[in-house]
Amino acid sequence: MNARLRAVYALVAVLALAWLFPVIWALLNSFRSYAYTAQHGYVSFGGWTLKNYADAWERGNFAHYLLNSLYVTVPAVIASIGLAACVAFVIARFSFRFNVALLGLFTAANLLPPQALLIPVYRIFRQVPMPFWISSSGSLLNSFLGLILVNTAFQTGFCTFVLSNYMKTLPAEMFEAAEVDGAGVWTRFWRLALPLCRAPLAALAVLEVTWIYNEFFWATVLMQDSSKFPITSSLNNLRGAFFTDNNLVAAASVIVAMPTLIVFLVLQRQFVAGLTMGSTKG
Amino acid sequence: MLLRGGRRGRRRRLTDRDRVVVSVMVGVPTLLVIALVWVPALLSVALSFVRWNGLGSVGDADWVGLQNYRDIVEIYPPFWPAVRHNLIWLVALFLGPTVLGIALAAVLDRELRGSRLYQTAFFLPTVLSLALIGFVWQLVYSADQGLLNGLTGSSIDWYGDPEYNLGAVIVASGWRHTGYIMLLYLAGLKGVDPALREAAKLDGCGEVQTFFRVVFPVMRPVNIIVLVITVIESLRAFDLVWVINKGRNGLELISALVTQNIVGEASRVGFGSALATIMLVVSTVFIVVYLRTVMREDNS
Numbered sequence: 001m002n003a004r005l006r007a008v009y010a011l012v013a014v015l016a017l018a019w020l021f022p023v024i025w026a027l028l029n030s031f032r033s034y035a036y037t038a039q040h041g042y043v044s045f046g047g048w049t050l051k052n053y054a055d056a057w058e059r060g061n062f063a064h065y066l067l068n069s070l071y072v073t074v075p076a077v078i079a080s081i082g083l084a085a086c087v088a089f090v091i092a093r094f095s096f097r098f099n100v101a102l103l104g105l106f107t108a109a110n111l112l113p114p115q116a117l118l119i120p121v122y123r124i125f126r127q128v129p130m131p132f133w134i135s136s137s138g139s140l141l142n143s144f145l146g147l148i149l150v151n152t153a154f155q156t157g158f159c160t161f162v163l164s165n166y167m168k169t170l171p172a173e174m175f176e177a178a179e180v181d182g183a184g185v186w187t188r189f190w191r192l193a194l195p196l197c198r199a200p201l202a203a204l205a206v207l208e209v210t211w212i213y214n215e216f217f218w219a220t221v222l223m224q225d226s227s228k229f230p231i232t233s234s235l236n237n238l239r240g241a242f243f244t245d246n247n248l249v250a251a252a253s254v255i256v257a258m259p260t261l262i263v264f265l266v267l268q269r270q271f272v273a274g275l276t277m278g279s280t281k282g
Numbered sequence: 001m002l003l004r005g006g007r008r009g010r011r012r013r014l015t016d017r018d019r020v021v022v023s024v025m026v027g028v029p030t031l032l033v034i035a036l037v038w039v040p041a042l043l044s045v046a047l048s049f050v051r052w053n054g055l056g057s058v059g060d061a062d063w064v065g066l067q068n069y070r071d072i073v074e075i076y077p078p079f080w081p082a083v084r085h086n087l088i089w090l091v092a093l094f095l096g097p098t099v100l101g102i103a104l105a106a107v108l109d110r111e112l113r114g115s116r117l118y119q120t121a122f123f124l125p126t127v128l129s130l131a132l133i134g135f136v137w138q139l140v141y142s143a144d145q146g147l148l149n150g151l152t153g154s155s156i157d158w159y160g161d162p163e164y165n166l167g168a169v170i171v172a173s174g175w176r177h178t179g180y181i182m183l184l185y186l187a188g189l190k191g192v193d194p195a196l197r198e199a200a201k202l203d204g205c206g207e208v209q210t211f212f213r214v215v216f217p218v219m220r221p222v223n224i225i226v227l228v229i230t231v232i233e234s235l236r237a238f239d240l241v242w243v244i245n246k247g248r249n250g251l252e253l254i255s256a257l258v259t260q261n262i263v264g265e266a267s268r269v270g271f272g273s274a275l276a277t278i279m280l281v282v283s284t285v286f287i288v289v290y291l292r293t294v295m296r297e298d299n300s
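These protein sequence lines map, in sequence, to chains A and B.
With full-length UniProt numbering applied, the first sequence covers 1 to 282.
With full-length UniProt numbering applied, the second sequence covers 1 to 300.
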């Protein structure tokens, strides 16, 4: 290894540490007491405690907000991947005249700026009546269902793109054989295509969980009742509660980040596969 | 001809039941996406030509033609700052995270000890929401409890001072973007034919030269996708500025202006829609570029 190469590697190592630093800093300070840091300043060492987590959990009402996130994330992830799989199967296995247009319609939808659709979506949601057992507001506005629908509509595009690319690589002979054996379209989809798509489905599931869990904009504008915010949007309210105590901010950040961090660290391979399949079909 | 005949034959073989199944499989998702994405997009364009305070029915709205656009450009104070901020955001993302992401991918693509560990470190911010990133970086930027002021002894309010806050926010968002770009390029690099590199080496190219002359041009689709993603991400940037101060006081962005005009007391539907339409037009240009890239790759 020559000197220049060694310098490059050293630089990468230093950069990687620098990259992790904000996370490490948050972790570190989440375990320090406010009294200690107030006295010694944040650039110090000591004052270890676990109390911030208990306080943040309590004051931030995290049990409640995490549950809200669960109500939105789980159905939206399942719906967007499920619907996308259906469209992708038809696009990949049948040659209709509008195939390319259909794929374009889905893929492009995922790239539009949500803010540009806000006004009509907001108005439509306010107009759609909902029975009260679904939505206490009586409309799609301010309801979990509304949020699930809008997240699903946006994410279906990305999932369709990834899945249709993958399904096109499956051997056509297999499907023809199944067809000859009398398998209908649904059977071919459900019993043949889906099991073969385990890898991209897993990758998408991981990716969509983090994306929908992290979604901020729609939740902020479509949920007027802040007690219904998913946890990512509730951060805005929490700022007030934590304002004067950065150690609490740190503990809260760690709590909020935890689900996606776990998903990422445990299923890193799927996460990476999902992102790269979607962009470059690697 | 033969192929078309074959296809047609297969289509004719669809039973009634299968026909229904296919229709539902395509119909339900398509309806959802059309109803919640494409119809709203068109409605935004239509509403941009009216003046409406959002009360009463749309029928009460006045048709004002291009007046909203004229007002935005001529008399709406935050508009040009927002355009400038969006552009600064875009340029900064290119010069910082994109260049760095490419460089990191080029280095980490090689069999280097601990490569995966480094990759993990750079990816990590990608899984955090931008709203949360605003929260995390508060620990660095906060005026009296922040690391930055603690180390330097200054008392700048990094999030609050309009002279610094845009830069501070871009650093935080670039922190997340770098890992994303690196990932896209790592994937792209895996797709580069190793024979190309061998050939370049035999021709006497150095590593750096090989990268710029051979590898980089081959990754043209990835380059275009990264270009489009970066443009769209900087156009859609919203979460970070909204958690900090709702996109005011130095953090004006077009996305935040749209939201300000709609959410809250005074809703100016037509005006907000005109701003939204501007976003739509800009993004449409790049979405078309994107689709052409990925679809062309598709056919080859």
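No residue lacks a Cβ here, since even glycine has one placed at the ideal position from N, Cα and C.
Every value quoted in this text rests on a predicted model; they were computed, and no experiment measured them.
Per-residue burial, residue i [other beta carbons within 10 Å of its own, 16 or more giving buried]
i: R176/B; result: buried
i: S253/A; result: buried
i: Q127/A; result: exposed
i: H85/B; result: buried
i: M174/A; result: exposed
i: R4/B; result: The pLDDT assigned to R4/B is 39, lower than 50, so where the model puts this residue is not dependable, and the model offers no usable value.
i: residue 350/B; result: Residue 350/B falls outside the range modelled here, since chain B spans only 1 to 300, and no answer is possible.
i: Y65/B; result: Note that residue 65/B is Gly in the sequence shown, not Tyr. It counts as exposed.
i: G278/A; result: buried
i: D60/B; result: exposed
i: R198/A; result: exposed
i: G87/B; result: The sequence shown places Leu at residue 87/B, not Gly. L87/B should be labelled exposed.
i: S44/A; result: exposed
i: M295/B; result: exposed
DSSP bridge partner residues for residue i (one or two, in chain order)
i: W63/B; result: V50/B
i: P77/B; result: Answer by DSSP bridge pairing: none, since P77/B is not bridged.
i: W48/A; result: R32/A
i: P129/A; result: S139/A
When the options are compared against residue i, the one with the closest alpha-carbon
i: T49/A; options: A177/A, L27/A, A84/A, A3/A; result: L27/A
i: E215/A; options: Q115/A, S139/A, W133/A; result: Q115/A
i: C86/A; options: F286/B, T30/B, N53/B; result: T30/B
i: Y76/B; options: T152/B, I254/B, S115/B; result: I254/B
i: D225/A; options: L196/A, L147/A, L83/A; result: L147/A
i: L184/B; options: V100/A, T276/A, V221/A, R198/A; result: T276/A
i: L235/B; options: A199/B, S267/B, N261/B, I278/B; result: I278/B
i: S95/A; options: L14/B, L32/B, L189/B, V288/B; result: L14/B
i: L204/A; options: L222/A, Y34/A, A273/A, Y65/A; result: A273/A
i: E208/A; options: L265/A, I255/A, Y166/A, F271/A; result: F271/A
i: E198/B; options: F211/B, D16/B, I287/B; result: F211/B
i: L265/A; options: N149/B, L196/B, Q119/B, V22/B; result: Q119/B
i: S227/A; options: T187/A, F144/A, L83/A; result: F144/A
i: L83/A; options: L66/A, S164/A, F217/A, T169/A; result: S164/A
i: F229/A; options: A101/A, V74/A, S135/A, H64/A; result: H64/A
i: G150/B; options: T260/A, F62/A, Y42/A, V150/A; result: Y42/A
i: N165/B; options: I244/B, V21/B, V127/B; result: I244/B
Contacting residues, own chain, Cβ-Cβ under 6 angstroms from residue i (five flanking each side not counted)
i: G157/A; result: F106, T107, A109, N110
i: S173/B; result: L240
i: V214/B; result: L196, A200
i: R223/A; result: At residue 223/A the sequence reads Met, which differs from the Arg that was named. N142, F229.
Sequence-distant residues of the same chain with beta carbon closer than 8 angstroms to residue i, five excluded per side
i: A183/A; result: R191, L192
i: H40/A; result: G46, G47
i: V258/B; result: G272, L275, A276, M279
i: A219/A; result: V72, L147, F229, P230, T232, S233
i: P200/A; result: V162, L163, Y166, A273, G274, M277
i: G146/B; result: Q138, L139, V140, W158
Contact set for residue i: own chain, Cβ-Cβ below 7 angstroms, skip 5 residues either direction
i: F286/B; result: V228, V231, I232
i: F123/B; result: G179, L183
i: I170/B; result: W89, A92
Inspect the CB distances between the region 90-106 of chain B and the region 244-253 of chain A and report whether three or more fall short of 8 angstroms.
-> no
State whether the region 101-110 of chain B contacts the region 224-242 of chain A, with contact taken as three or more CB pairs (one from each stretch) at a distance under 8 angstroms.
-> no
Say whether the region 150-167 of chain A touches the region 89-101 of chain A, bearing in mind that this needs 3 or more beta-carbon pairs closer than 8 angstroms, one atom from each stretch.
-> yes
Taking one C-beta from the region 141-155 of chain A and one from the region 22-40 of chain B each time, how about it: are there three or more such pairs within less than 8 angstroms?
-> yes
Specify whether the region 125-134 of chain B and the region 198-208 of chain B touch according to this definition: at least 3 beta carbon pairs, one from each stretch, less than 8 angstroms apart.
-> no
Would you say the region 38-53 of chain B touches the region 268-276 of chain B, given that touching needs at least three Cβ pairs under 8 angstroms?
-> yes
Between the region 185-192 of chain B and the region 79-93 of chain B, do at least 3 Cβ pairs fall closer than 8 angstroms?
-> no
At least three beta-carbon pairs within less than 8 angstroms, the region 18-37 of chain A to the region 139-150 of chain B = yes
Can you find at least 3 beta carbon pairs, one from the region 47-57 of chain B and one from the region 127-137 of chain A, that sit closer than 8 angstroms?
-> no
Is the number of C-beta pairs between the region 288-296 of chain B and the region 212-228 of chain B that are closer than 8 angstroms three or more?
-> yes
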